[in-house]
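Structure, as structure tokens:
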Amino acid sequence: MTTYRIYALCEPGTEEIRYVGITKQTLRARLRSHINEAKREIGSSYRENWIRKLLGQGLEPDILLLEETDDPEVEGYWITACREAGFQLVNGLALCKGLNSHSEEVKQKIAEASRRMWADPEKKAEISRKITGATTGR
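For what it's worth, the numbering used here labels the leading residue of the sequence shown as 964, then goes sequentially.
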């Protein structure tokens, strides 16, 4: 079974979530990849432009783990949830789905994962800290 990491790139210092992604890599390796992509100045995605702007100010985004899962479709759920929470994401719209557009199987997996996650007091506190910006990694 493959483990995917759903992560957020955040504004440094403020911990405002600006991008939600998925990776099989370590968070540190994925952050380095994002920074290297932006430095190459080949692409012009909102994400790359945002990271270039930070780099021009001598800053880098912070990265934090949102969830580990075996279901890569959960990334779309996180993008939607963060947008609905008011975060101004630089993600494209392709994976932004409302819960009604997921298959019944994916909805079931999301519901089960959510119940497990919120039933564990330590996990609940950890995620709450991450969403409010109290815990980040670089």
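Glycine included, every Cβ here is placed at the ideal spot set by N, Cα and C. This structure is a prediction, so every number in the text was calculated from the model and none was measured.
Inter-stretch contact at 8 Å, needing at least 3 Cβ pairs: the segment 1023 to 1031 / the segment 987 to 1001
yes
So, with DSSP's three-state summary, where would you put E978?
coil
Just how far apart, CA to CA, sit G1055 and Y1009?
8 Å
Going straight from the alpha carbon of L1058 to that of I985, what length do you get?
At L1058 the pLDDT is 48, less than 50, meaning the model places this residue with poor confidence and gives no usable figure here.
Cross-strand partners of I1042 (DSSP beta bridge)
Partner(s): none; I1042 has no beta bridge.
Using a threshold of 8 Å, state whether the C-beta atoms of E974 and R968 are closer than that.
no
Ordered along the chain, which non-local residues of its own chain (more than five positions away) have a Cβ less than 6 Å from that of T1032?
Y967
For A1048, the three-state DSSP class (helix, strand or coil)
coil
Stretch-stretch touch, CB-based, cutoff 8 Å, three pairs: the segment 1011 to 1025 with the segment 1037 to 1051:
no
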